Structure formats: structure tokens, C-alpha cells
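I have placed the structure first, in the form of C-alpha cells, so that the comments after it can refer back to it.
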């Protein structure tokens, strides 16, 4: 196959200011001041961009890029601290840092892509195979890291990025270099491994993840992503754990379709996750039994419930695709939205948008002003809505937040949860919501054994649904639930009763929902 990659045009006029001597570049990089992160990123971007537009022998270009890459990957953790969103929208400087990181990685990828094109067009490649091995792995690694930043900032993937990742992997396969390993930071890697890790991260439902979870998954894949297997298409009666990579497309992987006529067996590749899923199941079981994470090559944070919950969601996403019971339908309408548990608690109490509420009795030091806003409904299904909003000042939001939904002309607020978030523009958000309950009663809650200074927190009482045999549940802030924990529940602003937490139904970044017993 002939590689089709987007790279900068070579300047016909030589630029003598561009450093093309590896020894001198290393000295310059060693002396580069790293105090101002934004400035150093801009400088590196300019230098790599200028080199990418000069004619340089591919052996020399590879040495130069490896020096630049070493510095960039040392800077990325500090950059990540600034752009990983706790909630959207990001402040301007955080958004700018994410854009700088993406641009820097794109210039780095461009350099390695130029090497691949030069290698492809070279008349003599004997003895230069290691150059192609390194360039292919490095180009895919940089493009994969760009996708990771998109997931971390809930931004859409750049057009063409999946096409190039697929192209480079197919090139590595055809050159018989896909499985050749090279050192990548502190471990060994290959084009095959990077490709599998990139596919698996895309299949983790990344726009549904809470901030920080993308990095947890990437770390897990660094250790265990190699357990997944890539294979040529073959007819199978069981599609569990099989996903399709359409290598001629600009698309991420997807579950193997039931209609196999959609598969191009000349170019499409299957990702088999069964061995990885088996290991994942084993890790969850051992963590639940109290085994130390370090005994399984897992990070210390694996002791946390949130990490185990993430592993459970990966088990679902990497085993088989969730089936939608009802199809979504295109819809053009709008709905009122309020975001966050305190906000929905406020409106369920019958208060107006913009009203100031004294919440000192429910763990707030200052008066808060709660706002509901109108969002456009862009898709609707039996279980939830996809919404789009454009605002001068965007609301703070993240996956896992409680959300209130009230249709036009309706009198009652529905209770929902934010499942995914995307933000392509500074003034626009798209969110996916899931309906939890058609109604709720505002409540307040606190531990029955607490310090005198501890105050009630906002909570929601969801009614029993007899038809579904679903008992009444409470939605409360994270950290409220504990098995058999005794709590005080206040309703109507007056009646207080003792309850006992019984069963955790759901835990997200924004709330816990649990069953309880009274008395």
C-alpha cells in the first residue's frame, strides 16, 4: 500500500537558522529554561515546525525528533495538570494549554510521518529498517496521545486522525515491523501494542468518563493492553469480545456488527479482547477480596471504590457493546435544565430560577443563586436526551453530575444524570443524559453520629416504583453511603427520622444513590 499522510510542504529555500545537528540541538535543549510552560511549548512547537519544513536526511531527522520527544514527554504531565478538566467549560488558559499540547504533539507526529514517507520513497532501504520501526511507533504514539487529550478535555477528535493511525499500522504490518519492539519511556513498545492501546481506549466510552479516569485506563493498558489480540477477519458465531477496526476509514473501532456484509475482509481487522477481559475480571475479584494492588501491578489508587467501579465499566465496554432497547429519534425542541444536586434540590423546593437561597443549614457557607437554562434537545430516546447549549457563560458540568430536566410547559422536574460531555467550542456544550426518576422530593441528610458543627447536606428522595419492584432510594453527595451506616433524614424542612443505608445502587463523580431502611 502507498501511505497517504498529511505533512507540511518542504520549503525549497534552506533556512540556516534551523538546527539540524543533533549534538548542538541536545546542548540547546539541555539549556532550555522550563520555568514558563506555555513559552517553552511555543518555542518547541516553532522549532519542530521549522525543521519539518526543511529537507533533512531521515537518519538525522529521526535523531533530532527523538531529542525533541524526550523533552516533550517530560513536559506533558505538567501540561496535563492544567488541562484535565474537573468540570466544563475550562478557563481560557486551561483550554489554551490543551491546544498547545495537541499542536506540539501534531508537529512531533508530522516529523515522524515525514520519515515514513521518505522511507517509502527511498530507492535503497537495506539496513534502514530500524528507522521505519521507530518512526511508525512514534508517529502512532503521538497521534494516540492527541486522542487522549481530546478525551480528557471532552473535545472531538481531529478530522483525519483515525485514518492516519489505521494507515500507519497497515504500513507496519506490510513492512513486517509491527511487532518489533523499541524502548518507549520506561517500557518496551511496538506499533502493534500502541495500535491496540489506542483502539481499547476509544472503546472505553471515553466521553462518559470522569476527569482523571482516562489516565487510569491508559496506565492499565500500558501494563495489560498487550493481552488483547489483533486478527484477520473470520466468520464466527460468537461476537462477544470482538471489535472491528475499519482501516480504510477515518473512524474509531466499533463492536463487530451482526450484518457481516458491512465487513471488508480485505482490510478490516478484528480486535479480540477475551484474554484482556479475563484478566480484568480476575483483577476485580482480587481487589474485592482485599488483595494489595501492587501484587497485581496495579497502582495504589486501585484500593479506591471509584477505581474498581471503573474496572467494572471497562469489563462491560470491552466484553460486548451495550444494546439500546429503544432507538433515539431526531427531535427539535427545548427543555429547562438545572445542573448539580444543590441546584435541583433548590428547584424541587418550588423556588424560582435566579432566586437566592440560604443553604447554611445544608453545608454551604454563603447564599447561592441557582440558575436553570434552556437547552436544545437534539436526540431523544426512552432512557434519556442528548442536549446542546450555547451560552455566553457556560455552566460548570461533568459526567456523573445530577441534572434536573423540565420539558416546556411541564410543571414537574425529572431527575437525570449526565453520562457524557463534549465541548468543541468555547461557548457550546453537548451532553448526554439518562433519566433516573420522573420525580423526586427534596430532602436533607447527615450522619446520625457527627460533630456538632456538621450540617445537613442536600439530598433527593426518589419514590418507590411498585411496577418495577424498585424500592425508594436516596441520591446524596459522594461519601454519604456506608454499609449499614446510620443517617438522619429530614423531609419537608421539619420532619427528621433515623434511617440506615442498605445497598449502594450507583456511585458517580457527583453523587451516590442507595437503598435504605427506615427506623
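In this note's numbering, the protein residues as written are 82 to 600. Backbone N, C-alpha and C fix where the C-beta goes; we use that ideal spot for every residue, glycine too. Keep in mind that this is a model prediction, so the values were computed, not measured.
DSSP three-state assignment for residue i, whether helix, strand or coil
i           : result
residue 395 : helix
residue 344 : coil
residue 130 : helix
residue 314 : coil
residue 176 : helix
residue 158 : helix
residue 335 : strand
residue 369 : helix
residue 137 : coil
residue 503 : strand
residue 522 : strand
residue 441 : Because residue 441 sits at a pLDDT of 36, beneath the cut-off of 50, its placement in the model cannot be relied upon, and the point is left open.
residue 587 : strand
residue 495 : strand
residue 233 : helix
residue 250 : helix
Other residues of its chain near residue i: CB distance less than 7 Å, five sequence neighbours each side excluded
i           : result
residue 237 : 231, 503, 505
residue 367 : 377
residue 516 : 464, 465, 495, 497
residue 580 : 568, 570, 597, 598, 599
residue 206 : 200
Other residues of its chain near residue i: CB distance less than 6 Å, five sequence neighbours each side excluded
i           : result
residue 552 : 545, 596
residue 178 : 160, 163, 164
residue 403 : A caution first: residue 403 carries a pLDDT of 49, below 50, which makes its placement in the model too unreliable to give a value.
residue 423 : 539
residue 122 : 181, 185
Given residue i as reference, the closest of the options once Cα atoms are compared
i           : options            : result
residue 159 : 169, 116, 511, 172 : 116
residue 498 : 468, 249, 174, 525 : 468
residue 198 : 185, 212, 187, 186 : 212
residue 309 : 298, 451, 376, 399 : 399
residue 490 : 455, 181, 464, 518 : 455
residue 429 : 494, 482, 480, 83  : 494
residue 141 : 103, 112, 370, 135 : 103
residue 348 : 127, 542, 255, 220 : 255
residue 195 : 518, 97, 87        : 87
residue 82  : 157, 511, 257, 227 : 257
residue 359 : 338, 305, 344      : 305
residue 361 : 307, 100, 555      : 307
residue 95  : 133, 253, 125      : 133
residue 573 : 535, 526, 534      : 526
residue 487 : 511, 320, 462, 419 : 419
Beta-ladder partner(s) of residue i, from DSSP
i           : result
residue 554 : 543, 596
residue 453 : None; residue 453 has no bridge partner.
residue 488 : 416
residue 204 : Looking at the DSSP assignment, residue 204 forms no beta bridge with any residue, so it has no partner.
residue 482 : Answer is none; residue 482 lacks a bridge partner.
residue 527 : 569
Distance between beta carbons of residue j and residue i, contact taken as under 8 Å
i           : j           : result
residue 287 : residue 295 : 6 Å
residue 247 : residue 190 : Not confirmed; about 14 Å, so no contact.
residue 250 : residue 272 : 6 Å
residue 219 : residue 193 : 5 Å
Minimum Cβ-Cβ distance from residue i to chain B less than 8 Å
i           : result
residue 420 : The structure shown contains no chain B; it holds only a single protein chain.
Contact set for residue i: own chain, Cβ-Cβ below 8 Å, skip 5 residues either direction
i           : result
residue 365 : 389, 392, 393, 396
residue 226 : 157, 186
residue 128 : 99, 100, 149
residue 566 : 528, 581, 582
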